[in-house]
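The numbering of the sequence shown is UniProt numbering, which starts it at 1 and goes up by one.
Ideal Cβ placement from N, Cα and C applies to all residues, glycine included.
Note that the structure is predicted; figures quoted are calculated from it, not measured.
Beneath this line is the structure, given in structure tokens, with notes to follow.
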Amino acid sequence: MFSRADKSTDSGKPPKVQGADISGFVCPECMLHLSSSDELISHFESQHNKTEHFGQEHSGEDLKITEQRCHLLDEMSHHNSTLIKRISVDSRRMRELDSIVDLVLRGTPLPQCFSFSSEQLKDKVDQFLMTQAAHASTESMLEASKAELNRRQLEINSLKTELQHCHEVQVLQNGLTTENKILEEKLATSEAQLRFALDEVQNLRQQLEARHLEKSTVLPPVSAEANTQKVIEMLQSENAQLREAIASVHMEADVLRNRLVNQCTMSAERSADDEAVREPLSGTEPQRSSEERDIFSEQIRNFEQRLSDSESLRESERAALTAELTTVKATLNQAVADAARSRNEAEQTISALRTQLERLNAECLSQSSALAGLNAEADQLRKVNSIISKDLSTSEERVQKLVEELADLREEYQTERDQHAADREQLVQSLSTLQRERDGLRAKCSELTTQCEQHLHKLNTVETEWERSRTCSEQQIEEVRVSRKEADSLMERLIKAEDSSSTLQEALSVQIHEVECLNKAIFELGRENQSLQMLRERVSTRQWVRDDDASACVGCHREFSISNRKHHCRNCGGIFCGSCSSNRASTASSKDPVRVCRLCYSELTKHSAI
Numbered sequence: 001m002f003s004r005a006d007k008s009t010d011s012g013k014p015p016k017v018q019g020a021d022i023s024g025f026v027c028p029e030c031m032l033h034l035s036s037s038d039e040l041i042s043h044f045e046s047q048h049n050k051t052e053h054f055g056q057e058h059s060g061e062d063l064k065i066t067e068q069r070c071h072l073l074d075e076m077s078h079h080n081s082t083l084i085k086r087i088s089v090d091s092r093r094m095r096e097l098d099s100i101v102d103l104v105l106r107g108t109p110l111p112q113c114f115s116f117s118s119e120q121l122k123d124k125v126d127q128f129l130m131t132q133a134a135h136a137s138t139e140s141m142l143e144a145s146k147a148e149l150n151r152r153q154l155e156i157n158s159l160k161t162e163l164q165h166c167h168e169v170q171v172l173q174n175g176l177t178t179e180n181k182i183l184e185e186k187l188a189t190s191e192a193q194l195r196f197a198l199d200e201v202q203n204l205r206q207q208l209e210a211r212h213l214e215k216s217t218v219l220p221p222v223s224a225e226a227n228t229q230k231v232i233e234m235l236q237s238e239n240a241q242l243r244e245a246i247a248s249v250h251m252e253a254d255v256l257r258n259r260l261v262n263q264c265t266m267s268a269e270r271s272a273d274d275e276a277v278r279e280p281l282s283g284t285e286p287q288r289s290s291e292e293r294d295i296f297s298e299q300i301r302n303f304e305q306r307l308s309d310s311e312s313l314r315e316s317e318r319a320a321l322t323a324e325l326t327t328v329k330a331t332l333n334q335a336v337a338d339a340a341r342s343r344n345e346a347e348q349t350i351s352a353l354r355t356q357l358e359r360l361n362a363e364c365l366s367q368s369s370a371l372a373g374l375n376a377e378a379d380q381l382r383k384v385n386s387i388i389s390k391d392l393s394t395s396e397e398r399v400q401k402l403v404e405e406l407a408d409l410r411e412e413y414q415t416e417r418d419q420h421a422a423d424r425e426q427l428v429q430s431l432s433t434l435q436r437e438r439d440g441l442r443a444k445c446s447e448l449t450t451q452c453e454q455h456l457h458k459l460n461t462v463e464t465e466w467e468r469s470r471t472c473s474e475q476q477i478e479e480v481r482v483s484r485k486e487a488d489s490l491m492e493r494l495i496k497a498e499d500s501s502s503t504l505q506e507a508l509s510v511q512i513h514e515v516e517c518l519n520k521a522i523f524e525l526g527r528e529n530q531s532l533q534m535l536r537e538r539v540s541t542r543q544w545v546r547d548d549d550a551s552a553c554v555g556c557h558r559e560f561s562i563s564n565r566k567h568h569c570r571n572c573g574g575i576f577c578g579s580c581s582s583n584r585a586s587t588a589s590s591k592d593p594v595r596v597c598r599l600c601y602s603e604l605t606k607h608s609a610i
């Protein structure tokens, strides 16, 4: 009975533990090979919970001998079962706490199918979740109130911007009125300047016409020096007046247009020429001769001609000035029209802005009333916000308390985990001590079996039953041995078959390789035989060609002549030229090298190489 527990199936695997031998005891092999506490419990219930059947195999003195062992094993099994249940409960609770803490830290809600091990833990978790939900609701309310405050603030800012826009419109209206006044003043000044310039031009025109009439009268011939002096003085005075008039015209032209400066310089140059002519005239003496007077008269006529030319030039300049004045007048009229149009537009814009200002004032009044209502609502929201902040502070205190409770729970969990680890270590130590005690009990049991065998002749009934059970066990052991031997023999046969199959496979691969080599050799021999047959046929059909039958070379087809002589190939008998039969090789009829053609040379060299 005890020999079955000592045997193992394979050397590499742990021994299979029999339930009748160590009933109620969790072996270390089971604890090492089982991955979780649930598997350990199921294994214990299926394999090691058979203490009630332990004492049925013995009777009489065996019951007295094994009573202490049964009691000890029952106590050990009970202790093991309680420890395993405790470990399973603690591990389940640890997993539950881990999952709850993980879900709480991540902020995910607990699933509906989640089960709690204790009502106290469930109440604490529910209380924490309720406080967390209240905290979330207060935060959402606070966010909503903040959003409402932000919206009200945006409305207030929009009203402020509209008021600022109204103020800017009013400032713009004032600026437009001032600009309109400035434009009217500028227009009045420009009109006065234009009238003054027109009057000056009219005066100049009248003066020029009067001078033209005075110049149009023919001067009588001057015979005396006094008349000449008078004429010169008159011309000087007229020239001075003209210079003054030209200077005034130039001043007005400078005011109107800056581009008349060049014409002023031209008139100045003409006045300088007049001065140059007048200087020699002023220095004349009364004692000059008639020739000099003729010269002076000629100079006077030239001067008059030049003066008429200057008058015509001035007339052209006057026409240009009149055209310039007309253009200036047209531009001024256009400017006046533009100013009037801009004034009308400004008046229209001012009227539109006034209407808009009135509308904005009305809107400002309505917005001010709305702003008062919003301020009242803002005060109410501030009160609500203060209440919410108080609730938030209380909820934060509750959350802090819950966090502290969670920390306490974690500490308790850690202490319980350490305690479980210590209990597990003690359990392992107790298991090792129980293992040693089991070995001692097995030794004692072996001694007791020897004593029982000495008293078997007194217990016939017990002996027959024991013999029957032993024969059954031996038969089973024998069957196991036979099956193991058969398995070993089958394994050996399998190994031998694998070895023989590997050797046969190697031999087969070698033979396949040899067959492939032989096929290649046969193929090469067939090719060589075919080439030899062709060569034999060619050699057998060869014939020595006569000189008269060949008129050209067989290789290059060149006609024979005195320079291109005929040569016989000593192998095939054909006639070739000297270049086509320049090779030499040994043939079958001659060991010495003789003249052969190129084809025969290649064949002979190939055969000699083979």
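Nearest-angstrom Cα distance between D338 and T161?
A straight-line Cα-Cα distance of about 35 Å links D338 and T161.
Can you tell me which of R527, T322, I182, G440 puts its alpha carbon nearest to the alpha carbon of N203?
Nearest C-alpha to N203 among R527, T322, I182, G440: T322.
So, are the CB atoms of C577 and N564 less than 8 Å apart?
Taking 8 Å as the Cβ cut-off, C577 and N564 qualify as a contacting pair.
Helix, strand or coil: which one does DSSP assign to A552?
Assignment of A552 by DSSP, reduced to helix, strand and coil, places it in the strand class.
Name the two residues that bound the continuous beta strand (DSSP E) containing R595.
594 to 596 is the extent of the beta strand (DSSP E) around R595.
Three-state secondary structure (DSSP) of K606
In the three-state DSSP reduction, K606 falls in the helix class (H, G or I).
Would you tell me roughly how many angstroms separate the C-alpha atoms of S316 and A330, rounded to the nearest one?
Roughly 21 Å separates the two Cα atoms.
Under three-state DSSP, which class holds F560?
Coil at F560, not helix or strand.
CB of H567 within 8 Å of CB of R595, strictly
With contacts defined by Cβ atoms closer than 8 Å, H567 and R595 form a contacting pair.
Can the beta-carbon of R570 be found less than 8 Å from the beta-carbon of S590?
Cβ distance < 8 Å, so R570 and S590 count as in contact.
Roughly how many angstroms separate the alpha carbons of C597 and E516, rounded to a whole number?
When rounded, the distance between both Cα atoms is 39 Å.
Taking 7 Å as the line, does the beta carbon of L313 fall inside it for any heavy atom of the ligand MN?
No copy of the ligand MN appears in this structure; indeed no ligand is present at all.
What residue range does the beta strand (DSSP E) around R584 cover?
Annotation for R584: the continuous beta strand (DSSP E) segment containing it runs 583 to 585.
Does the Cβ-Cβ distance between S395 and T131 come in under 8 Å?
Contact check for S395 against T131 passes: the beta carbons are separated by less than 8 Å.
Three Cβ pairs or more, each shorter than 8 Å: is that satisfied between the stretch 550 to 562 and the stretch 523 to 539?
Pairwise C-beta distances place the stretch 550 to 562 out of contact with the stretch 523 to 539, as fewer than three of them are shorter than 8 Å.
Throw me the rounded Cβ distance for the R152 and A407 pair, which I believe falls under 8 Å.
At roughly 42 Å, the Cβ-Cβ gap does not stay under 8 Å, so R152 and A407 are not in contact.
Given a threshold of 16 other Cβ atoms within 10 Å of its Cβ, counted over all protein chains shown, does C553 qualify as buried or as exposed?
Buried, because 16 or more other Cβ atoms sit within 10 Å of the Cβ of C553.
How would you call F128, buried or exposed, if buried means at least 16 neighbouring beta carbons within 10 angstroms?
Burial state of F128 is buried, judged by a 10 Å Cβ sphere holding 16 or more other Cβ atoms.
Can you list, in chain order, the residues of its chain with a C-beta nearer than 6 Å to that of L374? Leave out the 5 residues immediately preceding and following it.
Excluding sequence neighbours, L374 sits near R152.
Just mark P221 as buried or exposed, buried being the case when its beta carbon has 16 or more other beta carbons within 10 Å.
The pLDDT assigned to P221 is 41, lower than 50, so where the model puts this residue is not dependable; a value taken from the coordinates is nonetheless given after this. Counting the other Cβ atoms within 10 Å of the Cβ of P221 gives fewer than 16, which makes it exposed.
Since T587 and L604 should fall inside the 8 Å C-beta cutoff, what is the C-beta to C-beta distance between them, to a whole number of angstroms?
Yes, T587 and L604 are in contact; Cβ-Cβ is about 7 Å, under 8 Å.
Report the CB separation of A550 from I512 in whole angstroms; it is logged as a contact under 8 Å.
Contact between A550 and I512 is ruled out by a C-beta separation of about 56 Å, above the 8 Å threshold.
Have a look at A192 and I182 and give me their C-alpha separation to the nearest angstrom.
Looking at the two C-alpha atoms, the distance is approximately 15 Å.
Rounded distance between the beta-carbons of M141 and I350, thought under 8 Å
At roughly 52 Å, the Cβ-Cβ gap does not stay under 8 Å, so I350 and M141 are not in contact.
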